[in-house]
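Notes for the one structure printed next.
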Amino acid sequence: MAQAPSRSIELALQLLPAMLAMTALSTTGKASQVSALRGHPAAQSLLRRLAEAFVRPGVYWLFHSWRLFSYNLLVPPLLFKWPLRTMLGLVSYAAIHRQRWWQVAVHKLLGYGASRRHKIVNPSKHLIHDDKRYLWSLHPHSILADGWHSIIARNTDSFDDAGNGPPEIGRKIALCFAPVIQHVPVHQEMYRDKCGAADSKSVASWWKTPDTDPALIPGGFAESVFANAGDKSTEYAYIKDRKGFVRICVEEGKDIVPCYTFKSSWMYYNPGILKGLRARLSQKISLGLVAIIGRFGTSMPLRDDTTTVVFPPFGASAYRPEQFEDAHAAYLEHLKFHFDLHKATYGMEGVNLVFVGKDYQDDDFAARALRRIGILSGQVTKTQKAAVSDAPAPERRRSPSARRHSNKAYRQNATPAMVRSLSPSARRPRDKVAIPAIAPEKERDAVVA
Numbered sequence: 026m027a028q029a030p031s032r033s034i035e036l037a038l039q040l041l042p043a044m045l046a047m048t049a050l051s052t053t054g055k056a057s058q059v060s061a062l063r064g065h066p067a068a069q070s071l072l073r074r075l076a077e078a079f080v081r082p083g084v085y086w087l088f089h090s091w092r093l094f095s096y097n098l099l100v101p102p103l104l105f106k107w108p109l110r111t112m113l114g115l116v117s118y119a120a121i122h123r124q125r126w127w128q129v130a131v132h133k134l135l136g137y138g139a140s141r142r143h144k145i146v147n148p149s150k151h152l153i154h155d156d157k158r159y160l161w162s163l164h165p166h167s168i169l170a171d172g173w174h175s176i177i178a179r180n181t182d183s184f185d186d187a188g189n190g191p192p193e194i195g196r197k198i199a200l201c202f203a204p205v206i207q208h209v210p211v212h213q214e215m216y217r218d219k220c221g222a223a224d225s226k227s228v229a230s231w232w233k234t235p236d237t238d239p240a241l242i243p244g245g246f247a248e249s250v251f252a253n254a255g256d257k258s259t260e261y262a263y264i265k266d267r268k269g270f271v272r273i274c275v276e277e278g279k280d281i282v283p284c285y286t287f288k289s290s291w292m293y294y295n296p297g298i299l300k301g302l303r304a305r306l307s308q309k310i311s312l313g314l315v316a317i318i319g320r321f322g323t324s325m326p327l328r329d330d331t332t333t334v335v336f337p338p339f340g341a342s343a344y345r346p347e348q349f350e351d352a353h354a355a356y357l358e359h360l361k362f363h364f365d366l367h368k369a370t371y372g373m374e375g376v377n378l379v380f381v382g383k384d385y386q387d388d389d390f391a392a393r394a395l396r397r398i399g400i401l402s403g404q405v406t407k408t409q410k411a412a413v414s415d416a417p418a419p420e421r422r423r424s425p426s427a428r429r430h431s432n433k434a435y436r437q438n439a440t441p442a443m444v445r446s447l448s449p450s451a452r453r454p455r456d457k458v459a460i461p462a463i464a465p466e467k468e469r470d471a472v473v474a
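See below:
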């Protein structure tokens, strides 16, 4: 679907003769023949191909545009041009957006436009047991869980109460992102009631349900800053400092199932400057500070041939609560091992997976320029602060009162020689007094007198 414009032109040229024939029948008044033609399997196939050529590219653009919140660009001018109509539309959406018929209809429309090139495979099915509960961790965040999002769009029952979860997962999944997702257009139509907060209490609450496991993206919005189609040598995982999701599983006795979407970080260009600074700010404001540059400068992705691979479960339940840091380190090794194992198969051969965190230091031209003029001079991470606090304090010059107090305490237990060493005359060298020379005549007169 990334080649949608060229494919549409090719299909249109193939279908042009049949379109002209149907138009000719319609203009000559042969309506019965047109109706019969429409009911014929060949005609139905023709209509499907027409829709594939002319309708689906528009829905494809709409899906990727609106899931990345491009509709926010339309609201201000619409409010300025037609304030009453725009407000009426917003109120109408607020009234119906939680209705199931609306959610299913929008989900089917978005699924019609989503690419068929996104794939999900689960070579670890035999290791995931039906009688166990897991935490499903999705990697990487990319711009906005891009490959995962398209797979969910194509399967309308992925988050339905009567469904069996996303394809290849084999169980119901609830996304632990943020409660507001239940009211965000495009996203709430697909995730519906299976989404909530990402705190430990909210994550653990899904294990109390009979058949729904929690899923989250550990890298968060900070990781989205590192997604860039211009960097095909390094894949970044912003989970070096993210230990909370591992700690939850260790305390609750649950294992973690990592799911990695290969090439999702290459779907959009995103400037690679000030990544560390933007990542820290993104996490604070809960919004990815990214510039989304797709095909022709739009939100259509540069590529959509991603593959989501389900890795074997990581045994977090084997660790004791006080060992959660060891469990986190082992999880990073587990994730990197299986990433390296599959990267050549799914189009990322030679790419190095690097774990980064809050201590990531920018070294691009913009960061160097800002440091040169002093704007980034105060950029100190928590790790650096801890190192500074542990360093020995420099020896400071004591005040006169502190010196007098110290000298008094010293004299009380000192010998006479030690006390004399504290006297001003002993501590300061004597000033040399210049004695004026006496002339010989005056010296003789003085002696005589």
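For the sequence shown, my numbering assigns the number 26 to the initial residue and increments by one for each residue that follows. For every residue, glycine included, the Cβ atom is placed at its ideal position computed from N, Cα and C. As the structure is a prediction and not an experimental result, all values here were calculated from the model.
| said: For A262, count the other beta carbons within 10 Å of its own beta carbon; 16 or more makes it buried, fewer makes it exposed. Which is it? | reply: buried
| request: Count the C-beta pairs between the segment 350-358 and the segment 392-399 that are closer than 8 Å, then say yes if the count reaches three, no if not. | output: no
| If we call anything under 7 Å between Cβ atoms a contact, is S290 one with A252? | yes
| query | Considering only C-alpha positions, which residue in the set I318, L312, A343 and H363 is nearest to F336? | reply | H363
| query | How is A240 classed by DSSP in three states: helix, strand or coil? | reply | strand
| message | According to DSSP, is E260 part of a helix, a strand, or is it coil? | response | strand
| task | Give the straight-line distance between the Cα atoms of V146 and V334, rounded to the nearest whole angstrom. | result | Pairing V146 with V334, the inter-Cα distance amounts to about 5 Å.
| Residue of E277, L314, C274 and P148 minimising C-alpha distance to L93 | L314
| field | Spatial neighbours of R305 in its chain, beta-carbon cut-off 8 Å, leaving aside the 5 residues before and after | value | A247 and K383
| query | Using 8 Å as the threshold, is the segment 314-326 in touch with the segment 217-226, meaning 3 or more CB pairs across them? | reply | no
| message | By alpha-carbon positions, which one of A178, I198, R179 and E193 ends up nearest to A187? | response | I198
| query | Once you ignore the five residues that flank R179 on each side, which residues in its own chain have a CB closer than 8 Å to its CB? | reply | G136, A139, R141 and H143
| request: Whole angstroms is fine: what's the gap from I298's alpha carbon to K257's? | output: 16 Å
| Cβ of T331 within 7 Å of Cβ of G172? | yes
| said: Just list the residues that DSSP pairs W127 with in beta bridges. | reply: None, per the DSSP bridge assignment.
| field | G340, DSSP secondary structure in three states | value | coil
| task | List in chain order: all unbroken alpha helix (DSSP H) runs of 4+ residues lying wholly within the segment 240-319. | result | 245-249, 269-277 and 300-310
| For H164, the residue or residues it bridges with in DSSP | Y285.
| query | Between D387 and the ligand NAP, is the CB less than 6 Å from at least one heavy atom? | reply | Judged by which ligands are present, the structure shown has none, so any question about the ligand NAP falls away.
| request: State yes or no: is the C-beta of K268 within less than 7 Å of the C-beta of H353? | output: Taking a C-beta distance under 7 Å as the contact criterion, K268 and H353 qualify as a contact pair.
| query | Quick one: is E420 buried, meaning 16 or more other Cβ sit within 10 Å of its Cβ, or exposed? | reply | Confidence at E420 is low in this model, with a pLDDT of 49, below 50, so the placement of that residue should be treated as unreliable; the coordinate-derived value is given next. E420 comes out exposed.
| message | Please classify L98 as buried or exposed, where buried requires at least 16 other C-beta atoms within 10 Å of its C-beta. | response | exposed
| Taking DSSP as the reference, what is the three-state secondary structure of H370? | The question names His, yet the displayed sequence has Thr at residue 370. Of the three classes helix, strand and coil, the one that applies to T370 here is coil, per DSSP.
| request: Determine the direct distance from the alpha carbon of H89 to that of F79, and round the result to whole angstroms. | output: Roughly 17 Å between the two C-alpha positions.
| request: State buried or exposed for A392, treating a residue as buried only when at least 16 other CB atoms are found within 10 Å of its CB. | output: buried
| query | From this set, P326, Y96, K279 and H154, which residue's C-alpha is nearest S230's C-alpha? | reply | K279
| said: Determine whether the beta carbon atoms of P3 and F270 lie at a separation below 7 Å. | reply: The structure shown does not extend to residue 3, since the chain spans only 26 to 474, so no value can be given for it.
| task | Give the DSSP-derived three-state secondary structure of L113 in the structure shown. | result | helix
| task | Could you tell me the boundaries of the alpha helix (DSSP H) in which V381 lies? | result | Per DSSP, V381 belongs to no alpha helix (DSSP H) and is neither H nor E.
| Between which two residues does the beta strand (DSSP E) carrying R226 extend? | Per the sequence shown, residue 226 should be read as Lys rather than Arg. First-last for K226: S225 to W231, but that is the alpha helix (DSSP H), not the beta strand (DSSP E).
| field | Whether W91 touches M325 by CB criterion (7 Å) | value | no
| query | Is V379 near T259, with beta carbons less than 7 Å apart? | reply | yes
| message | Tell me the rounded alpha-carbon separation between P239 and W107. | response | 42 Å
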